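Residue numbers (UniProt numbering): 1 to 162. Note that beta-carbon positions come from the ideal geometry of N, C-alpha and C, so glycine has one too. Computed from a predicted structure; not experimentally measured. Below is one structure, written out as structure tokens; comments come after it.
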């Protein structure tokens with residue numbers, strides 16, 4: 001049975017839908033097979049970082065004569081810098097200090113976006129020769145939604161990245 005060219009169903013912009021692609025397992029040279037699910041991207045709830053120490057409080061946890069000092073990065077993370085050696089670390093120099101006191105990445109993952117996903121970032125490059133990906137199924141916003149099959153044409157660089 002010949003598969004038709006894949007047609008994207010329209011995203012529901014009001015529901016803030018995205019397409020999540022699940023790559024089927026296979027061997028290195030197997031043809032790429034994917035499922036596409038359209039789901040609303042629900043932003044995570046606002047984080048309550050009130051349990052985190054302030055930068056001033058974190059610096060007070062360092063010994064008085066210590067060459068280490070804590071700084072905030074642009075992203076709001078704490079970075080420890082040793083003034084003597086130039087060494088940097090995301091971890092407190094005193095391993096007895098609980099990371100949950102200063103590192104929001106160590107807090108429980110109750111603030112994750114839904115659906116959970118990983119993003120692939122790649123540079124645009126040559127589209128030739130194009131290759132085809134088999135779309136096994138597309139599910140629209142529910143487990144029991146409409147399902148399609150087809151071939152999706154992608155560029156060589158995305159094929160190599162996948």
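When rounded, the separation of the alpha-carbon atoms in residue 6 and residue 127 is 18 Å. Bounds of the alpha helix (DSSP H) holding residue 159 are 156 to 161. In the displayed model, residue 39 falls within a strand according to three-state DSSP. Look at residue 32 here: in three-state DSSP terms it is coil, with no helix or strand label.
With respect to the C-alpha of residue 133, the residue from 77, 24, 14 and 79 having the closest C-alpha is 24.
Residue pairing from DSSP places residue 135 in a beta bridge opposite 34 and 150. The alpha-carbon of residue 149 is positioned some 17 Å away from that of residue 131. With respect to residue 52, residue 101 sits close: the two C-beta atoms are nearer than 8 Å.
In the three-state DSSP reduction, residue 59 falls in the helix class (H, G or I). Looking at 12, 82 and 129, the one whose alpha-carbon comes closest to that of residue 59 is 82. Contact annotation, residue 67 with residue 84: C-beta distance approximately 4 Å; criterion of less than 8 Å satisfied. Pairing residue 17 with residue 10, the inter-Cα distance amounts to about 10 Å.
The three-state secondary structure of residue 79, taken from DSSP, is strand. For residue 14, the three-state secondary structure derived from DSSP is helix. Check the Cα spacing between residue 75 and each of 62, 63 and 90: the tightest is with 90. Rounded to the nearest angstrom, the gap between the Cα atoms of residue 57 and residue 50 is 13 Å.
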